[in-house]
Amino acid sequence: MNTTSKLFSNTRTLGTACMLAASLCFSTGGLLMKLIPWNPLAINGARNLIACLVIGLYILVTHHKIKFNFTVLVGAISMAGVTTLYSIANKLTTAGNTIILQYTAPIWIVILMFLIFGQKPDRTALISILIVFVGILCFFFEGLSTGKWLGDALALLSGIFYAGVFMLNNFEKGDALSSVFFGQLACGVFLSPFVLQETNFTPPVLLAVFLLGAVQVGLAYVFFTTGTKYTDPVTASIINALEPILNPVLVAVFYGELLGKWSLVGAAIVICGILFYNLASIYTDRRQAQV
Numbered sequence: 000m001n002t003t004s005k006l007f008s009n010t011r012t013l014g015t016a017c018m019l020a021a022s023l024c025f026s027t028g029g030l031l032m033k034l035i036p037w038n039p040l041a042i043n044g045a046r047n048l049i050a051c052l053v054i055g056l057y058i059l060v061t062h063h064k065i066k067f068n069f070t071v072l073v074g075a076i077s078m079a080g081v082t083t084l085y086s087i088a089n090k091l092t093t094a095g096n097t098i099i100l101q102y103t104a105p106i107w108i109v110i111l112m113f114l115i116f117g118q119k120p121d122r123t124a125l126i127s128i129l130i131v132f133v134g135i136l137c138f139f140f141e142g143l144s145t146g147k148w149l150g151d152a153l154a155l156l157s158g159i160f161y162a163g164v165f166m167l168n169n170f171e172k173g174d175a176l177s178s179v180f181f182g183q184l185a186c187g188v189f190l191s192p193f194v195l196q197e198t199n200f201t202p203p204v205l206l207a208v209f210l211l212g213a214v215q216v217g218l219a220y221v222f223f224t225t226g227t228k229y230t231d232p233v234t235a236s237i238i239n240a241l242e243p244i245l246n247p248v249l250v251a252v253f254y255g256e257l258l259g260k261w262s263l264v265g266a267a268i269v270i271c272g273i274l275f276y277n278l279a280s281i282y283t284d285r286r287q288a289q290v
């Protein structure tokens with residue numbers, strides 16, 4: 000193997016390892032939040048304040064130039080909306096429902112791109128949208144019978160905000176890392192005061208809060224931004240799909256919270272729909288590039 004091949008192999012291995020590490024970090028969110036007996040706004044304020052310090056340190060080390068403009072501000076609002084709604088939804092419904100419904104973001108991107116830019120979805124996107132919405136209906140069918148429909152609705156709304164974060168790549172002045180940093184900073188500043196209303200500050204609770212901010216959000220984004228530089232889209236898409244699978248598994252094993260029958264069906268349908276969209280789109284792009 001020549002030097003170039005070795006270098007390519009090493010960077011590809013690094014990218015795959017970083018993407019896997021990011022998915023593992025992200026997937027701890029549901030369990031850690033269940034272990035913290037705080038108001039969800041207090042949890043989100045504390046974890047974002049810690050995450051902001053981690054991301055800020057990463058920005059300093061990598062010498063990333065921070066930007067602040069209207070596009071970055073919209074991205075920061077989207078980021079703040081994602082984390083806040085996720086925190087609230089995680090307390091009102093199961094962790095599995097929360098992460099799966101947030102994972103519908105790619106479908107909302109297709110819809111928003113059509114509404115804002117007039118970009119019509121192709122056949123693959125339309126099929127994916129139909130599949131995902133069938134899965135969503137399964138979640139809400141069970142939510143109506145269990146009384147957890149509000150949590151499901153907020154989780155779905157967090158997916159729309161998450162789509163907004165990803166759409167920043169379509170704007171010339173956008174900068175995802177800056178939006179993440181300012182969104183976390185805003186949540187930390189405005190929501191951290193809710194921590195003063197809490198009374199449970201035992202070592203296990205404080206450890207869970209620290210891990211939630213430093214690992215589940217901060218370190219996860221460090222791994223994610225590094226991994227996407229060296230990982231091909233197919234590998235990244237497949238590894239990214241581990242998060243909505245691992246999240247409810249960890250909660251079920253260590254917390255005992257299980258998905259209901261219809262939620263399991265909905266989860267399987269949504270994941271299949273997203274994977275179909277990602278892989279089919281990548282295959283189409285490669286066919287067009289070869290032509």
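Under numbering that gives the first Met the number 0, the first residue of the sequence shown is numbered 0, with each subsequent residue one higher. Glycine is no exception: its CB is placed at the ideal position from the N, C-alpha and C atoms. Note that the structure is a prediction, hence the values are computed from the model and not measured.
Helix or strand or just coil, what does DSSP make of residue i?
i	result
Phe-209	helix
Pro-120	coil
Pro-105	helix
Asp-151	helix
Lys-64	coil
Ile-35	coil
Glu-141	helix
Leu-257	coil
Gly-29	helix
Phe-170	coil
Thr-12	helix
Phe-7	Residue placement at Phe-7 cannot be trusted, given a pLDDT of 46 that sits under 50; what the coordinates show is reported in the next sentence. It is helical.
Gly-146	coil
Thr-230	coil
Met-18	helix
Leaving out five residues before and five after residue i in sequence, what residues of the same chain have Cβ atoms less than 6 Å from its Cβ?
i	result
Thr-83	Asn-43
Lys-172	Asn-68, Thr-70
Leu-278	none
Pro-36	Asn-199
Phe-7	In this prediction, Phe-7 has a pLDDT of 46, which is less than 50 and means its spatial position is unreliable; what the coordinates show is noted afterwards. Taken in chain order, the list of residues that qualify is empty.
Gly-95	Pro-247, Leu-258
Cys-137	Trp-261, Val-264, Gly-265
Phe-181	Ala-75
Leu-295	Beyond the ends of the chain as shown, which are 0 and 290, falls residue 295; an answer cannot be given.
Phe-253	Leu-30
Ala-251	Leu-257
Any heavy atom of the ligand PLP closer than 6 Å to the beta-carbon of residue i?
i	result
Leu-84	In the structure shown, the ligand PLP is absent, as is every other ligand, since no ligand is present at all.
Quick one: give me the first and last residue of the alpha helix (DSSP H) that residue i is part of.
i	result
Lys-90	69-91
Asn-47	39-61
Asn-199	Where Asn-199 is concerned, there is no enclosing alpha helix (DSSP H), given that its DSSP letter is neither H nor E.
Ile-244	242-253
Ser-177	175-190
Who are the near neighbours of residue i in its chain, counting only those whose CB is closer than 7 Å to its CB and skipping five residues on each side?
i	result
Leu-184	Cys-51
Tyr-229	Thr-10, Arg-11, Leu-13, Gly-14
Gly-272	Ser-127, Ile-130, Val-131, Gly-134
Gly-187	Gly-44, Asn-47, Leu-48, Cys-51
Ala-162	Ala-104, Trp-107, Ile-108, Leu-111
His-295	Since the displayed the chain opens at 0 and closes at 290, residue 295 lies outside it and no answer follows.
Phe-160	Ser-77, Gly-80, Val-81, Leu-84
Leu-31	Ala-207, Leu-210, Leu-211, Gln-215
Asp-151	Thr-92, Asn-96, Leu-100, Phe-138, Phe-139, Gly-142
Trp-148	Phe-139, Gly-142
Below 8 Å CB to CB, which residues in the same chain sit around residue i once its five sequence neighbours on both sides are set aside?
i	result
Thr-3	Because the pLDDT of Thr-3 is 46, which lies under 50, any placement of that residue in the model is unreliable, and the number read from its coordinates should be weighed accordingly. Excluding positions up to five away in sequence, the list is empty.
Ala-267	Gly-134
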